[in-house]
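Chemist:
Numbering (the working numbering), first residue to last: 291 to 640.
#1: Thinking C-alpha only, which one of 306, 335, 307 is nearest residue 635?
#2: CB-CB under 8 Å to residue 312, same chain, minus the five flanking residues each way: which ones, in chain order?
#3: Among 373, 429, 613, which residue has its Cα nearest to the Cα of residue 412?
#4: Give the straight-line distance between the Cα atoms of residue 439 and residue 486, rounded to the nearest whole angstrom.
#5: Is the region 345–364 close to the region 422–433, with three or more CB pairs under 8 Å?
#6: Output the residue ranges of the beta strand (DSSP E) runs that lie fully inside the region 309–381 and measure 3 residues or longer, sorted by chain position.
#7: Give me the Cα-Cα distance between residue 316 and residue 594, rounded to the nearest whole angstrom.
#8: Could you check where the beta strand (DSSP E) with residue 538 kicks off and where it finishes?
#9: Count the other CB atoms within 10 Å of the CB of residue 557; is the residue buried (16 or more) or exposed (fewer)?
#10: Report yes or no: do the region 513–522 and the region 530–543 share at least 3 C-beta pairs separated by less than 8 Å?
#11: I'd like the span of the beta strand (DSSP E) that includes residue 297, first residue to last.
#12: What are the start and end residues of the beta strand (DSSP E) that includes residue 431?
#13: Tell me the DSSP secondary structure of residue 486 in three-state form.
#14: Restricting to Cα atoms, I'd like to know which of 507, 599, 597, 343 is closest to residue 367.
#15: Would you kindly report the start and end of the unbroken beta strand (DSSP E) that includes residue 421?
#16: Thinking just about the alpha-carbon of each residue, which of 329, 386, 297 is nearest to the one in residue 307?
#17: Which of helix, strand or coil does DSSP assign to residue 438?
#18: For the putative contact between residue 493 and residue 510, defined by C-beta atoms under 8 Å, what is the C-beta separation to the nearest angstrom?
#19: What do you reckon, are the CB atoms on residue 402 and residue 437 nearer than 8 Å?
#20: Can you give me the Cβ contacts of residue 604 inside the same chain, cut-off strictly under 7 Å, excluding the 5 residues immediately before and after it?
#21: What distance in whole Å lies between the Cβ atoms of residue 421 and residue 239, which are believed to be in contact at a cut-off of 8 Å?
#22: With a 10 Å radius around its C-beta and 16 neighbouring C-beta atoms as the bar for buried, classify residue 559 as buried or exposed.
#23: Rounded to whole angstroms, what's the CA-CA distance from residue 466 to residue 620? Just pull it up for me.
#24: Applying the 10 Å Cβ sphere with the 16-neighbour rule, what's the burial state of residue 503?
#25: Does residue 399 come out as helix, strand or coil in the three-state DSSP assignment?
#26: Where does the unbroken beta strand (DSSP E) through residue 526 begin, and where does it stop?
#27: How big is the Cα-Cα spacing for residue 586 and residue 541?
#28: With 16 other CB atoms within 10 Å as the buried threshold, where does residue 472 fall?
#29: How about residue 602 and residue 580: do their beta carbons lie closer than 8 Å?
#30: Cβ atoms of residue 386 and residue 340: under 8 Å apart, would you say?
#31: Terminal residues of the continuous beta strand (DSSP E) containing residue 619?
#32: Pick out whichever of 548, 637, 624, 633 has its Cα sitting closest to the Cα of residue 332.
#33: Between which two residues does the beta strand (DSSP E) holding residue 506 run?
#34: Would you decide whether residue 489 is buried or exposed? Buried here means 16 or more other CB atoms lie within 10 Å of its CB.
Take a look at the structure:
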């Protein structure tokens, strides 16, 4: 069986844009790297059920730096560009899709805001609202110039959560049917935590928030009725004796709700955590990403395999995943993927 994955990239060196790679689940190997769309630094992207690809878009050919979201029809390769929604300033850092209400959300790290776009009948986007983060910056150099939202996506009850690395803060919004945001609550992490990304486990009231700057994961208790987050536990993603720079990046939970996975850029590893009955975490494995700067990763459909891309070494690695223990075992390394930063599994695509 062949599964397909979209790879977002930087386009600083060899990359030309968005790529597709294949996973042969029978042979247990990655294969067939194809260029899907030429675009400037599509570092993050998402694909709708209608196979529209919404990608971070950076245009440096204009007289001034411009950035935004590009829309592609992903049913063919090369993908056909449908829209380039760009504005003055830098591009976003994160893109997500609300299938039920047909919205796209972005978080713009450098501009300090999260945006809501309505998906039109033809798949193109129309801006409906924008929330600017405000607050006191954290104590670290990376936080000195103010808000840096790095993530905007849905909670299990369809609220929007925004993680701000610069302010050490996580915001929770209600989203109206018209795509308007209203603040519900916010929570401060400890100074220098650097919230980057959060994932939830539906039906448990638990979320797992990764701190890029602290290389830690916070276990979040989410009270949906009250719309409140509280921090339950904080645990490191790297060894206690690690003294070199590290930035925690991607975080995902297995579908069986038993394990959490985090990528470490610097330690160049994947940290595997077991979820305890109360939602707390216990780290059970640190395994090399077999490359430099692993920013993102994803599972095969049945989660028996695991793919990670290494941005600085232009390669992807493939692992088998033990469903009982959650641990990873290397199968393949040095599969060429230029400047990989995002791994999106494609569904129902021929």
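Don't be surprised by glycine CBs; every beta carbon is placed ideally from N, CA and C.
Modeler: To lay it out plainly:
#1: The alpha carbon of residue 635 has as its nearest neighbour, out of 306, 335, 307, the alpha carbon of 335.
#2: Only 292, 293, 294, 295, 320, 321, 322 meet the Cβ criterion.
#3: Closest option to residue 412, Cα to Cα, is 373.
#4: The alpha-carbon atoms of residue 439 and residue 486 are separated by roughly 8 Å.
#5: Between the region 345–364 and the region 422–433 there are fewer than three inter-stretch CB-CB distances shorter than 8 Å, so the stretches are not counted as touching.
#6: Within the region 309–381, the complete beta strand (DSSP E) runs of at least 3 residues are 319–328, 335–337, 342–349, 356–363, 370–378.
#7: Residue 316 and residue 594: Cα-Cα distance of roughly 11 Å.
#8: Looking at the DSSP string, the run of the beta strand (DSSP E) that includes residue 538 is 537–543.
#9: Residue 557 comes out buried.
#10: Touching, no, given that fewer than three Cβ pairs across the two stretches are closer than 8 Å.
#11: Here the beta strand (DSSP E) through residue 297 covers 292–299.
#12: No beta strand (DSSP E) holds residue 431; DSSP gives it neither H nor E.
#13: In the structure shown, residue 486 sits in a strand (DSSP, three-state: E or B).
#14: Relative to residue 367, the option among 507, 599, 597, 343 whose CA is nearest is 343.
#15: Residues 415–422.
#16: The shortest Cα separation from residue 307 among 329, 386, 297 belongs to 329.
#17: Judged by DSSP in its simplified three-state form, residue 438 adopts coil rather than helix or strand.
#18: A Cβ-Cβ distance of about 15 Å is found for the pair residue 493 and residue 510, leaving them out of contact under the 8 Å criterion.
#19: Yes, these two residues count as a Cβ contact at 8 Å.
#20: Hits under 7 Å: 304, 626, 627, 628, 629.
#21: Here the chain has residues from 291 to 640 only, and residue 239 is not among them.
#22: Buried, because 16 or more other Cβ atoms sit within 10 Å of the Cβ of residue 559.
#23: Rounded to whole angstroms, the gap between the alpha carbons of residue 466 and residue 620 is 45 Å.
#24: Under a 10 Å Cβ-count criterion, residue 503 is classified as buried, with 16 or more other Cβ atoms of the shown protein chains found around its own Cβ.
#25: Three-state DSSP puts residue 399 in coil, outside helix and strand.
#26: According to the DSSP assignment, residue 526 belongs to the beta strand (DSSP E) that extends over 518–526.
#27: Rounded to whole angstroms, residue 586 to residue 541 spans 8 Å at the Cα level.
#28: With a threshold of 16 other beta carbon atoms within 10 Å, residue 472 falls short and is exposed.
#29: Cβ distance not < 8 Å, so residue 602 and residue 580 don't count as in contact.
#30: Contact flag unset, no.
#31: Per DSSP, residue 619 belongs to the beta strand (DSSP E) from 618–626.
#32: Taking only the C-alpha atoms, the option nearest residue 332 is 633.
#33: That run of the beta strand (DSSP E) goes 506–513.
#34: By the 16-neighbour rule on beta-carbons within 10 angstroms, residue 489 is buried.
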